[in-house]
Each structure stands twice: as C-alpha cells, then as structure tokens.
Amino acid sequence: MGPTKYIFVTGGVTSSLGKGIVSASLGKLLRARGLSVTIQKFDPYINVDPGTLNPYEHGECYVTEDGAETDLDLGHYERFLNVFTSQANNVTTGRIYHTVITKEREGEYLGKTVQVIPHITDEIKRNFYALGETGVYDIIITEIGGCVGDIESLPFIEAVRQAKLDLGSQSCLVIHLTLVPYLKAAGELKTKPTQHSVKQLLEAGVQPDILVCRTEYSLPLEIRKKIALFCNVQINSVIESKDAETIYDVPIVLRKEKLDERVLEKLNINNYKEPNIDLWKEFLGRLKNPTSEVTIGLVGKYVELPDAYKSINEAFVHAGAQNECKVIVKTIHSEDIKPSNCEEMLGDLDGILIAPGFGERGIPGKIETARYARENDIPFFGICLGMQCAVIEFAMNVVGLKEAASTEVNPNTPDPVIDLMEEQKSITMKGGTMRLGAYKCRIEPGTQIHSIYQKTEISERHRHRYEYNNQYLDLFKEKGMVFSGINPESNLVEIIELENHPWFIGTQFHPELKSTVLNPHPLFVNFVAASLEHKKNKVENRKLINT
Ligand code: GLN
Numbered sequence: 008m009g010p011t012k013y014i015f016v017t018g019g020v021t022s023s024l025g026k027g028i029v030s031a032s033l034g035k036l037l038r039a040r041g042l043s044v045t046i047q048k049f050d051p052y053i054n055v056d057p058g059t060l061n062p063y064e065h066g067e068c069y070v071t072e073d074g075a076e077t078d079l080d081l082g083h084y085e086r087f088l089n090v091f092t093s094q095a096n097n098v099t100t101g102r103i104y105h106t107v108i109t110k111e112r113e114g115e116y117l118g119k120t121v122q123v124i125p126h127i128t129d130e131i132k133r134n135f136y137a138l139g140e141t142g143v144y145d146i147i148i149t150e151i152g153g154c155v156g157d158i159e160s161l162p163f164i165e166a167v168r169q170a171k172l173d174l175g176s177q178s179c180l181v182i183h184l185t186l187v188p189y190l191k192a193a194g195e196l197k198t199k200p201t202q203h204s205v206k207q208l209l210e211a212g213v214q215p216d217i218l219v220c221r222t223e224y225s226l227p228l229e230i231r232k233k234i235a236l237f238c239n240v241q242i243n244s245v246i247e248s249k250d251a252e253t254i255y256d257v258p259i260v261l262r263k264e265k266l267d268e269r270v271l272e273k274l275n276i277n278n279y280k281e282p283n284i285d286l287w288k289e290f291l292g293r294l295k296n297p298t299s300e301v302t303i304g305l306v307g308k309y310v311e312l313p314d315a316y317k318s319i320n321e322a323f324v325h326a327g328a329q330n331e332c333k334v335i336v337k338t339i340h341s342e343d344i345k346p347s348n349c350e351e352m353l354g355d356l357d358g359i360l361i362a363p364g365f366g367e368r369g370i371p372g373k374i375e376t377a378r379y380a381r382e383n384d385i386p387f388f389g390i391c392l393g394m395q396c397a398v399i400e401f402a403m404n405v406v407g408l409k410e411a412a413s414t415e416v417n418p419n420t421p422d423p424v425i426d427l428m429e430e431q432k433s434i435t436m437k438g439g440t441m442r443l444g445a446y447k448c449r450i451e452p453g454t455q456i457h458s459i460y461q462k463t464e465i466s467e468r469h470r471h472r473y474e475y476n477n478q479y480l481d482l483f484k485e486k487g488m489v490f491s492g493i494n495p496e497s498n499l500v501e502i503i504e505l506e507n508h509p510w511f512i513g514t515q516f517h518p519e520l521k522s523t524v525l526n527p528h529p530l531f532v533n534f535v536a537a538s539l540e541h542k543k544n545k546v547e548n549r550k551l552i553n554t
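So the mapping is simple: my numbering equals the position in the sequence shown, first residue as 1, plus 7.
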C-alpha cells in the first residue's frame, strides 16, 4: 500500500469513554478490509510500565508474548484484532524520560539544554513511528491515554501536532472521542462539553479530523450539525457511538456509522474491499442467543474492581459464546471465605476459578476454596496463584504436610511446596523482573489437559516469581496429583490436574491472555463445558432425590 499511515486517537470530557474499544473496533474494521494494522498505546504516567501498579490503580496488567507488562487496553487490541502486540505497543512518559535522561548521561546531547520540546517530543515521535519503520503495517493506530487538558498528556498532544505536520494530511489523521451527555432535567443532549474539549485540542494546535461521540441516545441531525459547525469538522465526520449491549457490538456500531469509510477517504486509501466481518457476526449471534447458563465463582482479592480481572472475564465471554452458554461470573472476595461458610458461599456454583494475585491477603480463603472444590467434585480452575493455592491445599489435606505453604506467604515454612524460582533469588529490582511472557510447555500424553489442547507442545504467557517445588513431585504423585504440563527447558511445573476429580486443573501460566473472539481459549471453553455438565448432573441428582 506504500508508506505506513497513522491514526491518532485522543479523548476528552472524561476518562473511561472507551478509547481502547473504539481504537480496537476501528482496527478490526480496517483489518477486515485486508489492511495490515496494529494499535499502540501511549500512557502519560511516570511508571516505566504498569507492572509496578496495584490493580486497584490501573486494572489488570496485560502481558504480551515478549514479556512486556502493559496497559489492559492491549488486551482489547489482541482480542479484537487477533494479532499479538509487543513491548513496542505500549509506551509511557516514564519510558520516554528514562530514555532521554539515559542519553543525556551518555553525552548524546552534549552542550545542549535538554527540554520537553524538542527532546521529549522527538523521543515520543521516534516511538510513534518505530513500529511503522518495520514495514509490516499499512496503518498504525495510536491511542493517547488520559484526557486532553491533563497536564501530563500535553507533550503527547504536542507530539501529535508535530506528527500531523511531518506526515501530512493524507498520511495522518486525528480522531477525538468525546461525550455528548443527556441532561434528564432538560430532556436534551448537550454538545457544550464536546465543544470545550475540541477547543482544548485546538489550543494545543491539533484540529481533529473525526469526532466519535459517546452517547446514551441517538444524535439527531441538528445535534450533528451543531457539533460539526462548532468543532470545525465535516458533518459526515461526526460519528455516533451509542452505548452498546456488549463491547463486541462496537465494531458493528461504528461500521453502520461508516467510521472506516471516512478514515479510508481521508487517508486517501482507495479500492479496499468491504470489510468481511461474518465470523465476528456469528460470534455475536452465539453470544446473544445462549441456550444454557452457568454460574462460575471468580475468587480473588481485587473483586471490587472488575477491570482487575479483565482478561479472565473476556475469556469467559469468548468461551461462553463458543458453548452457546451464558456465563455468569460471580465475583467472590477471598477474604470472606472461611471453613465455616464454604457451603453457603460456594455451594451453588457450577464452577470455581481462583484468580492470580500477589501477597498474603486472602490466601486462607483461596486455600479453603480449593479444598471445597476438590472435595465436592466442582469443576476447578486455578490460574497462577490459584494453582499455587491448590497445591498448598493438596499438600496440607491430602499429602499430610500440615504446615505447607508458599514462601511468598511464610518464608519459614518447613514445607515450601511453592518456592521462589532459583533465578529470582538474587533479584532485588521490582520492575520487569518476574518470569514474564511466553514459554513452551510440554504436555504429557494421556492426561486431561492433553485431551483439551490435543497437542504435546504449547506456549503460554507467564507473570510470576514463585514455582512448584519439584522436591515434592513423588509425594504428590503418589496421592493422585498429575503434573501434566512441564517446561521442557527448566522442568518447571506448568500444569497440575487431579486423578479422581471430574475437572480440576491449575496452570502456572495465564491462558486468559491468549483468548480472542476468533480463537477462544480451549481451557476456558472446556471449563465452561465441564461446569455446564456439573450443573446438569446437579439437577439430575436433585430430581433423583425428590422422586
Ligand atoms: N504471587 C505469585 C508469584 O509471584 C503468583 C503470581 C500470579 O498469580 N500472577 O508466583
């Protein structure tokens, strides 16, 4: 197609308008037309990456194949586009300054005063264009985090202004996402916040080419005209983005509004076929017309914030649609679970998942949960810390190691069944130092996991410091734990399962990170099917008891 073209997506009025979903949806539509597209996110905070942030601060930390700890929007990009992202797809202010300051110390700017303009903005632009220089992409969508007007996003907006100038109008366009609120008392949709937000962009020297307006109600023609006039955009470039039933409707909503057509026109990209979104529509059809329903308990300690477990929730959406089954994910706070209330808290669930996590808070509740699921034959799925808790529970209650623990929680335990990985022992720095990204795993033939993946070698993504302690392998095997997935190079245990249980699987890796709309993850698909089966059996048993 020629040189890479760039689309910048900014946001105004308020945060949480869904820039990530709009960017991913546009990316999906362009890809469905045969263009090669990637999406990158520029975040204005000073952390070098979100890996050091508590999920309460910023939601889930999404890990890429190459082991980058990134913003959760990258998860949306992968789930929508069905392509991998990488370290280069997420850049923060912290990373930009880190590079510039390192260069300054190395003497790269010797004699010069190092300033926001041009040094910081040049470094931002270098990162804007880095993926484009690979020659792989026709279009790169760049989402700018935060809102226009925030002090911290100013250098990014300034860099967008310069990029527009560098690239020219046929190779660069700016889409601004705003809110058109409905004032109930006045019975009206209000355009003023959009006007103000565009004015702020204009003050920074950036004229948006397209406005995407989030709204609860359809925008009448007069409102569109008003926005176009006051914000200096063409009327057909005022795009309505009405609240949708699911985020997966957004590509369809934006397609109806012809967002992709406007983009191609403005970037002067001709002769591109109509987008092929048949498979996406089939997925939506299955998602919206379930023939059954299951309730899965998600046991974790960040349950107050749904974004903390974003990828797990989305993996259940994909797996549910695949099974034509509505998956109700019931979040349960691990600190609320006690030996005395397991029946009441967990008894009605069709399946139980213990979420990943760090630190000791909530661990006893997770261990109790694993016990309850094991003893009551409830389908159980433990991810990372969830697998580790299942191992500790098995050690305590089946193997008989009453004081077994993870050294993350109790460094003095006599039975460290989960222990710090050897390569972690000398590490003191916290940022980016876990075992991160994709590693191979050998699957043992004849195991349950083998029947699920139907492969003997897989690759999945990781984010942890602790591991199963292989000194205990024989003891556990004798009692019925199966080590069905092993890293072929390091011998680390990657997957556990139980012999005498219908579905009890723990993974040291995070399968949720690789589930996409078009490739639902087999483990989630199978877990939902097992939960459905469990539910049916429960109903039949009840019938038998009642007759
Ligand atoms: N805290 C555990 C570890 O570091 C588990 C990490 C996780 O669940 N992602 O090994």
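Even glycine gets a Cβ: it sits at the ideal position worked out from N, Cα and C.
key: Pocket of the ligand GLN defined by Cβ to heavy atom distance under 5 Å   = 363, 365, 391, 392, 470, 471, 472, 473
query = Which same chain residues, not among the five before or five after residue 245, have their C-beta less than 6 Å away from its C-beta?
reply = 218, 231, 234, 235
inquiry  = With three or more beta-carbon pairs closer than 8 Å as the criterion, would you say the stretch 131-149 touches the stretch 193-201?
reply    = Touching, no, given that fewer than three Cβ pairs across the two stretches are closer than 8 Å.
key: Coil, strand or helix - residue 159 by DSSP   = Here residue 159 sits in helix by DSSP.
query = Between the Cα of residue 212 and the Cα atoms of 173, 169, 79, which residue gives the shortest distance?
reply = 169
ask   = Where do the N-terminal and C-terminal ends of the alpha helix (DSSP H) with residue 83 fall, by residue?
value = Residue 83 -> alpha helix (DSSP H) spans 80-88.
Nearest-angstrom Cβ-Cβ length linking residue 306 and residue 414, presumed shorter than 8 Å = That belief does not hold up - the Cβ atoms of residue 306 and residue 414 are roughly 22 Å apart, past 8 Å.
message = If we require 3 or more residues per run, which beta strand (DSSP E) segments fall completely within the stretch 215-266?
response = 217-222, 245-249
task = Enumerate in chain order the residues of its own chain whose CB-to-CB distance from residue 171 is below 6 Å, with the five nearest sequence positions on each side excluded.
result = 179
message = Measuring CB atoms only, is the stretch 524-532 touching the stretch 322-334, in the sense that at least three cross pairs come out at less than 8 Å?
response = Between the stretch 524-532 and the stretch 322-334 there are three or more inter-stretch CB-CB distances shorter than 8 Å, so the stretches are counted as touching.
inquiry  = Tell me the rounded alpha-carbon separation between residue 579 and residue 468.
reply    = The structure shown does not extend to residue 579, since the chain is modelled only from 8 through 554, so no value can be given for it.
query = By Cβ distance below 8 Å, which residues in the same chain neighbour residue 67 in space, the five residues on each side in sequence not counted?
reply = 79, 82, 314, 315, 316, 317, 318
ask   = Going by the beta-carbon positions, is the gap between residue 517 and residue 391 smaller than 8 Å?
value = yes
query = How close, in whole Å, do the beta carbons of residue 492 and residue 449 come, if the pair is a contact with beta carbons under 8 Å?
reply = 7 Å
task = Would you tell me roughly how many angstroms separate the C-alpha atoms of residue 440 and residue 137, rounded to the nearest one?
result = Residue 440 and residue 137 have their C-alpha atoms roughly 24 Å apart.
request  = Just grab the DSSP bridge partners of residue 332 for me.
outcome  = 299
inquiry  = Tell me which residues share the same chain as residue 495 and place their Cβ nearer than 8 Å to its Cβ, disregarding the 5 neighbours each side in the sequence.
reply    = 447, 448, 449, 464
request  = Determine, using beta-carbon pairs with one atom in the stretch 335-353 and one in the stretch 365-376, whether at least three such pairs fall under 8 Å.
outcome  = yes
ask   = With 16 other CB atoms within 10 Å as the buried threshold, where does residue 221 fall?
value = buried
ask   = At a cut-off of 7 Å, is residue 285 close to the ligand COA when judged by its beta-carbon and the heavy atoms of the ligand?
value = No copy of the ligand COA appears in this structure; the ligands present are the ligand GLN.
request  = Kindly indicate which three-state DSSP category residue 460 falls into: helix, strand or coil?
outcome  = helix
ask   = Over what stretch of residues does the alpha helix (DSSP H) that includes residue 104 continue unbroken?
value = 100-113
query = To the nearest whole angstrom, what separates the beta carbons of residue 335 and residue 300, a pair I think is in contact under 8 Å?
reply = Residue 335 to residue 300, Cβ: 7 Å. Contact.
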